[in-house]
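Numbering (my numbering), first residue to last: 44 to 965.
The beta-carbon is built from N, C-alpha and C at its ideal position, and this holds for glycine as well.
All values reported here derive from a predicted model rather than from experimental measurement.
Here the structure is laid out as structure tokens; the discussion comes afterwards.
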Amino acid sequence: MIDKTYQPSEVEGRIYRTWEATGAFRAGGPARVGAQPYSIVIPPPNVTGSLHMGHALNNTLQDVLCRFERMRGKDVLWQPGTDHAGIATQMVVERQLMERQQPGRREMGREAFLKRVWKWKAESGGTIVNQLKRLGASCDWSRERFTMDEGLSRAVLKVFVALYREGLIYKDKRLVNWDPKLLTAISDLEVVQVETKGHLWHLRYPIEGKTFNAEDPSTFIVVATTRPETMLGDTAVAVHPDDERYKKLVGKNVILPLVGRRIPIIADEYSDPEKGSGAVKITPAHDFNDFEVGKRHARPIINIFDQQARLLPKFDVATVTGTDKVQIGHLRAVEINDPPGEVGYGDLPEGLAGLDRFAARKQIVARLEEKNLVEKTEPHTNVVPHGDRSNVVIEPFLTDQWYVNAKKLAEPAIAAVREGKTNFVPKNWEKTYFEWMEKIQPWCISRQLWWGHQIPAWYGPDGKAFVAFTEAEAQSDADMHYGKKTALTRDEDVLDTWFSSALWPFSTLGWPDETPELKRFYPTSALVTGFDIIFFWVARMMMMGLHFMKEIPFHDVYIHALVRDASGAKMSKSKGNVIDPLALIDDYGADALRFTLAAMAAQGRDIKLSTQRVEGYRNFATKLWNAARFAEMNGCATAAGFDPKTTKETINQWIITQFSNTLAQVELALADYRFNDAANRIYQFVWNFYCDWYLEFTKPVLLGGDSVTKQETQATTAYVRDEMLKLLHPFMPFITEELWQVTATAPRQSLLALADWPDKGPVFAEANEEVAWVIELITAIRSVRAEMNITAAIPLVLAGASKETQARAERWAEFIKRLARVSEISSAASAPQGSVQLVVRGEVAALPLQGVIDLAAECARLAKEMTKADADIARVDAKLGNANFVSRAPEEVVEEEKEKREEALARKAKVAEALERLKGAT
RNA sequence: GGGCGCGUAGCUCAGCGGAAGAGCACCUCCUUGACAUGGAGGGGGUCACAGGUUCGAUCCCUGUCGCGCCCACCA
44 MIDKTYQPSE
54 VEGRIYRTWE
64 ATGAFRAGGP
74 ARVGAQPYSI
84 VIPPPNVTGS
94 LHMGHALNNT
104 LQDVLCRFER
114 MRGKDVLWQP
124 GTDHAGIATQ
134 MVVERQLMER
144 QQPGRREMGR
154 EAFLKRVWKW
164 KAESGGTIVN
174 QLKRLGASCD
184 WSRERFTMDE
194 GLSRAVLKVF
204 VALYREGLIY
214 KDKRLVNWDP
224 KLLTAISDLE
234 VVQVETKGHL
244 WHLRYPIEGK
254 TFNAEDPSTF
264 IVVATTRPET
274 MLGDTAVAVH
284 PDDERYKKLV
294 GKNVILPLVG
304 RRIPIIADEY
314 SDPEKGSGAV
324 KITPAHDFND
334 FEVGKRHARP
344 IINIFDQQAR
354 LLPKFDVATV
364 TGTDKVQIGH
374 LRAVEINDPP
384 GEVGYGDLPE
394 GLAGLDRFAA
404 RKQIVARLEE
414 KNLVEKTEPH
424 TNVVPHGDRS
434 NVVIEPFLTD
444 QWYVNAKKLA
454 EPAIAAVREG
464 KTNFVPKNWE
474 KTYFEWMEKI
484 QPWCISRQLW
494 WGHQIPAWYG
504 PDGKAFVAFT
514 EAEAQSDADM
524 HYGKKTALTR
534 DEDVLDTWFS
544 SALWPFSTLG
554 WPDETPELKR
564 FYPTSALVTG
574 FDIIFFWVAR
584 MMMMGLHFMK
594 EIPFHDVYIH
604 ALVRDASGAK
614 MSKSKGNVID
624 PLALIDDYGA
634 DALRFTLAAM
644 AAQGRDIKLS
654 TQRVEGYRNF
664 ATKLWNAARF
674 AEMNGCATAA
684 GFDPKTTKET
694 INQWIITQFS
704 NTLAQVELAL
714 ADYRFNDAAN
724 RIYQFVWNFY
734 CDWYLEFTKP
744 VLLGGDSVTK
754 QETQATTAYV
764 RDEMLKLLHP
774 FMPFITEELW
784 QVTATAPRQS
794 LLALADWPDK
804 GPVFAEANEE
814 VAWVIELITA
824 IRSVRAEMNI
834 TAAIPLVLAG
844 ASKETQARAE
854 RWAEFIKRLA
864 RVSEISSAAS
874 APQGSVQLVV
884 RGEVAALPLQ
894 GVIDLAAECA
904 RLAKEMTKAD
914 ADIARVDAKL
924 GNANFVSRAP
934 EEVVEEEKEK
944 REEALARKAK
954 VAEALERLKG
964 AT
């Protein structure tokens with residue numbers, strides 16, 4: 044006996060354990076020999092993270108695909124695993140240390156700290172995996188990987204060394220995005236632009252050789268800046284070469300206030316006459332654009348900050364040699380106003396050393412104001428780069444870092460998408476991909492962190508780098524190079540987390556070894572991910588995959604939307620609008636959550652998730668459960684060898700036909716990644732077709748005595764239920780698997796998860812047509828009943844009905860009586876006096892209700908129908924009256940319109956007749 | 001500044017060249033033996049606006065107005 048109610052919380056865990064215990068999700072099992080492979084690699088969640096709504100959506104969609112393909116007989120590998128998430132994880136552990144007032148990572152030292160992180164990974168690493176299981180993810184957990192496990196680390200090492208030797212990884216000194224809080228470089232992608240309200244300061248820089256006088260503009264030049272504190276590092280003032288205002292100043296010098304450094308006024312197209320004063324201060328060490336301008340004019344690069352963006356007592360000065368190479372070194376500060384021909388560097392003015400950049404800003408503005416060097420201060424809004432993790436303002440900072448020549452690697456990656464080897468779904472994301480890939484910048488891959496893959500580079504005493512697989516190898520290279528045993532020190536830095544993620548599609552399959560899995564499952568079939576990591580991850584997997592495997596990593600890239608809260612805001616912890624998927628699973632069951640996400644996953648639009656919607660799909664699960672109970676109560680058992688093609692009963696043929704249509708549409712939708720269409724179609728079938736109509740239609744049969752008809756109906760009910768469970772299983776795996784078990788009257792041949800997907804079913808056109816008529820008739824009668832508030836059973840008279848209709852009515856009498864609450868059905872030449880008359884397919888169905896109905900109301904109802912018929916006729920006539928339409932529109936469209944006209948005319952005639960009759964009765 | 005997308009029923013959204021759809025909400029009726037987490041019925045939309053293409057436009061094109069996102073930009 045099936046339980047009265049379905050309790051997800053009591054069922055889901057048990058079901059999942061059954062799947063795991065039977066190895067249902069194992070790829071390459073004996074049952075799959077000879078099967079076509081289908082593979083998806085999971086976007087690896089952060090190992091110490093927990094499941095959020097984005098994961099829930101992402102993994103639901105992957106699971107739908109995997110379960111669908113598995114049931115279709117493919118050898119499915121859904122490759123799971125987790126990411127070490129360098130910065131994020133290191134931050135979490137450091138915070139923990141701080142909260143527990145334990146020594147920080149620097150006090151602990153690298154080794155002890157890493158031990159601590161591994162411990163945290165061991166403690167919390169299982170959380171996300173268990174949460175994915177609660178969602179129902181059918182990953183092959185026996186193959187779970189971690190980006191820092193032995194094998195993947197080997198892949199990372201191999202890739203780094205190979206790219207280095209090919210010249211595609213190199214070390215370079217240039218400005219990077221420096222995070223002064225985390226004390227590491229980050230890539231362009233980890234920088235977010237935040238609109239910030241600030242000020243624009245207009246500063247007066249006195250011109251050399253003139254006595255500064257605030258009242259006399261010829262004695263100074265005004266530069267506008269949002270970062271006055273960086274003026275300490277200025278090495279030029281740039282104006283546009285065509286700017287008449289400043290033409291005669293080009294070549295002259297200004298004396299940098301506070302510092303006294305003499306710096307030239309240069310002409311450079313970078314300067315925009317429209318912005319600020321048209322003259323711009325050039326601070327090559329602290330601005331990306333200024334860096335370029337500085338290089339063009341061979342200006343020195345003066346770094347004024349330490350790693351935490353606090354003012355240095357003595358500046359670091361780098362000089363430019365050539366335009367590409369930069370050398371850096373400490374120079375002594377020189378005297379203010381040093382001799383012509385040389386640039387002075389200057390000491391930091393008294394009392395500023397160690398000030399943080401924002402404090403320095405205040406101080407410097409104050410000091411400039413004192414000297415009357417601030418012309419004006421305007422409020423100003425601009426976008427300021429922030430670290431995506433630390434949320435502090437990023438400082439452009441001159442350091443040595445490792446880079447990947449992304450431009451080179453991008454070429455084949457662009458071509459592969461151009462040539463359609465890899466397809467984005469929806470397609471418009473390809474444009475985003477191309478735009479980024481085509482102007483891709485060198486990828487900064489070194490991070491000044493500890494948690495991650497340490498860079499396999501060792502340095503000799505002169506700073507020369509030896510990149511090798513092992514320290515011993517590097518040592519022997521170095522010894523050879525120096526001609527003697529030489530002490531090396533290892534590069535302290537680790538690689539960007541995304542470096543190892545970029546290898547995910549092949550590293551998880553065993554690369555660099557030539558494993559059978561790699562051969563079988565690469566390239567993977569599909570990648571399912573959010574648009575926010577197209578650049579971070581998808582693009583880089585394309586680059587690495589093509590470079591090392593010489594083949595695309597995946598055929599399709601399905602890009603899904605973001606899950607937002609019910610009002611459309613991005614979910615974030617700080618806003619407190621995060622909906623926890625686990626809480627929804629607790630409340631409504633994993634199936635309801637999954638179905639909600641799938642049903643809302645329309646391409647190209649974000650998902651605004653509301654709990655109400657989840658509740659609705661919980662109700663859907665309940666509905667399904669009860670339908671199965673009903674079937675069981677009525678002895679509907681799976682019949683061995685049942686063949687839907689051999690059914691004789693119209694109603695059975697009808698539901699089978701509806702199922703066939705649904706099946707076909709669901710398959711089409713899934714082939715196109717239209718998850719919402721697939722889900723909605725199934726929903727409609729289960730609720731509207733199977734429950735609302737089919738089960739209601741068959742009640743009289745099932746409640747009646749034994750007969751061939753009854754047997755066939757019982758078998759069909761069970762058959763469609765079983766097929767329906769299969770169809771629904773990819774979306775609602777738990778309840779369907781449970782029902783598959785509890786409805787079994789004989790042992791099932793397999794778990795539902797491994798059952799065969801339904802075959803293309805038969806279509807009975809005649810039955811379909813006939814039942815459509817019955818439904819229309821019943822609906823029309825019900826409508827009138829409800830509108831007129833008639834509860835009692837009433838007779839039905841078919842007025843002037845055709846032989847065919849009369850025969851149909853006879854065949855369906857029992858059903859019509861029951862579902863429309865009709866007492867008896869008869870035929871007559873015309874509708875009885877005072878009856879309500881319905882037009883169904885051009886024929887009149889009359890309900891003799893004299894005395895019961897409100898004649899005025901009925902008149903009004905008919906008048907309304909008449910208006911509608913007139914409108915329909917008028918519209919069709921307008922079309923058909925248009926010679927252009929008749930001559931130019933396709934023939935079948937014209938035919939269709941003619942038929943519509945006939946139909947509307949007939950309907951109008953019937954309604955008019957009915958009105959006449961009614962008036963006659965009054 | 002460059003790009004992408006969205007304005008359709010009260011709300012959330014499908015549809016995207018041939019008679020406007022769903023779910024929720026709302027209103028009316030229904031404790032019938034699967035299910036009140038239910039059943040039956042109903043109201044509600046010049047498909048943002050203006051032009052254009054077409055025999056025909058919610059759908060294609062152009063523009064306008066709103067809204068969102070991505071990329072670039074510390075004057």
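The Cβ neighbour count for Gly-495, taken over all protein chains shown within 10 Å, is at least 16; the residue is labelled buried. Nearest to Ile-229 by C-alpha distance, out of Lys-613, Trp-541, Gly-747, is Trp-541.
Every beta strand (DSSP E) of 3 residues or more that sits fully in the stretch 437 to 477 is shown, in chain order, as 438 to 447, 466 to 468. Taking 9 Å as the cut-off, the beta carbon of Ile-483 is found closer than this to the beta carbon of Ala-582. With a 10 Å radius around the Cβ and a threshold of 16 neighbouring Cβ atoms, Ser-181 comes out buried.
Taking C-beta separations shorter than 7 Å and ignoring five residues to either side along the sequence, the partners of Pro-499 in its chain run Leu-200, Phe-203, Val-204, Val-510, Ala-511, Phe-512, following chain order.
Rounded to whole angstroms, the Cβ separation of Ala-267 and Trp-244 is 7 Å, and the two are in contact under 8 Å. The bridge partners DSSP lists for Ile-650 are Val-606. Below 8 Å, enough C-beta pairs join the stretch 84 to 98 and the stretch 117 to 137 to call them touching: three or more.
Residue state for His-95 is assigned as coil, using DSSP reduced to three classes. Linking Leu-195 to Pro-548 through their CA atoms gives a straight-line distance of about 11 Å. Nearest Cα to Leu-948 within the set Pro-933, Arg-533, Gly-885, Ala-921: Gly-885.
Cβ contact annotation for Leu-797 (same chain, cutoff 8 Å, sequence separation greater than five): Ala-67, Ala-74, Arg-113, Met-114, in chain order. Annotation: His-429 is outside any alpha helix (DSSP H); the continuous beta strand (DSSP E) that includes it extends over 417 to 430. Sorting Ile-622, Val-571, Ile-576 by C-alpha distance to the C-alpha of Tyr-601 places Val-571 at the top. Bridge pairing for Ser-878: Pro-891 [DSSP].
Pairing Val-657 with Met-96 gives a Cβ-Cβ distance that is not under 9 Å. Look at the stretch 505 to 551 and you find these whole runs of alpha helix (DSSP H), each 4 residues long or longer: 514 to 525, 540 to 544, 547 to 550. Bounds of the beta strand (DSSP E) holding Glu-867 are 865 to 871.
The straight-line gap separating the alpha-carbon atoms of Gly-337 and Ile-306 is approximately 12 Å.
For the set Glu-418, Lys-419, Leu-225, Pro-439, the Cα lying nearest the Cα of Val-427 is the one of Pro-439. Rounded to the nearest whole angstrom, the CA to CA distance from Glu-137 to Gln-144 is 10 Å. Within the model, the alpha-carbon separation for Glu-901 versus Glu-692 is close to 38 Å.
A direct Cα-to-Cα measurement between Glu-166 and Leu-416 gives close to 59 Å. Restricting attention to Gly-503, Gln-696, His-590, the CA atom closest to the CA of Gly-804 is found in Gln-696. Each residue's CA atom was taken as its position, placing Pro-559 and Leu-745 some 54 Å apart. Note on the stretch 261 to 340: whole beta strand (DSSP E) runs with a minimum of 3 residues are 263 to 268, 279 to 282, 296 to 298, 305 to 310, 322 to 325, in chain order. In the structure shown, Trp-855 falls within a coil segment according to DSSP collapsed to helix, strand and coil. With a beta-carbon spacing of about 17 Å, Leu-667 and Leu-706 fall beyond the 8 Å limit used to define contacts.
Looking only at Trp-493, Met-587, Ala-352, Lys-464, the smallest Cα-Cα distance to Asn-448 is reached by Met-587. Partner residues in a beta bridge of Pro-123, as assigned by DSSP, do not exist.
Just measuring C-alpha positions, the residue of Leu-492, Ala-835, Arg-828 sitting nearest Gly-152 is Leu-492. Looking at the DSSP output, Gln-79 sits in no beta bridge, so it has no partner there.
With 16 or more other Cβ atoms inside 10 Å of its own Cβ, Phe-111 counts as buried.
For Pro-51 against Asp-623, the beta-carbon gap comes to about 16 Å, at or over 8 Å, which does not count as contact.
Less than 9 Å separates the beta-carbon of Gln-79 from that of Lys-117.
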